[in-house]
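For my numbering, count along the sequence shown from 1 and bump the result up by 449. Here a beta-carbon is modelled for each residue, glycine too, at the ideal position from N, C-alpha and C.
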Amino acid sequence: MTQTLDGNATISVLNRILELELAGVVRYTHYALMVYGYSRIPIVGWLNAQADESLLHARQAGELITSLGGHPSLGIGPLLETHQHDIGDILRESLAHEGEALKAYYELLDCAQDRDVRLEEYARTMIAEEQTHLDEVDKMLRVPGQTRMATGGA
450 MTQTLDGNAT
460 ISVLNRILEL
470 ELAGVVRYTH
480 YALMVYGYSR
490 IPIVGWLNAQ
500 ADESLLHARQ
510 AGELITSLGG
520 HPSLGIGPLL
530 ETHQHDIGDI
540 LRESLAHEGE
550 ALKAYYELLD
560 CAQDRDVRLE
570 EYARTMIAEE
580 QTHLDEVDKM
590 LRVPGQTRMA
600 TGGA
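The structure is reproduced here in structure tokens:
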């Protein structure tokens, strides 16, 4: 038996996701502009792709908000300028940002589970995508030949 979806709580979580994803657009665009050195071109390409994907994710969250009768936030998630633009620093900041997004998608899953199949599947898909991003960034932080997770996992 399904339970009733708490529309207000769900819209609130979706608005937080929207704001986090919009912050990702700004964050990844900024990072792409600040990359220098021999490996600049592939790293800038990857960062720009992350910015594009964040915008897509923001739009998806916004569409769900309006489908539920809500009003998409004009806010943007936290942006921290550390003035640390070493690739390792950028990747560690990306890891933290993606971790926050992952938490928000898990919160959405909690709201939707056994209440709204569409939202539940959306949340699961986004959780898988965010976890894949975390794994990619972790691999980028490893030194060549290192097989253990750089971020302290098993």
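Asked	Found
Q452 in three-state terms, based on DSSP	coil
Member of N464, V474 and S461 whose CA lies at the smallest distance from the CA of E547	V474
Residue from S503, E556 and L540 whose Cα sits closest to the Cα of I492	L540
L496 versus Y487, I466, A507 and M483, residue with shortest Cα-Cα distance	M483
Runs of alpha helix (DSSP H) wholly within the stretch 533 to 566 (minimum 4 residues, chain order)	536 to 561
Backbone secondary structure at Y477 - three-state DSSP	helix
Close Cβ partners of L517 (< 6 Å) along its chain, the five nearest in sequence each way excluded	G456 and I460
I525 versus G594: straight-line alpha-carbon distance, rounded	38 Å
Any non-hydrogen atom of the ligand NAP within 7 Å of H520 CB	You won't find the ligand NAP in this model; it holds no ligand whatsoever.
Where I492 sits in the DSSP three-state scheme	helix
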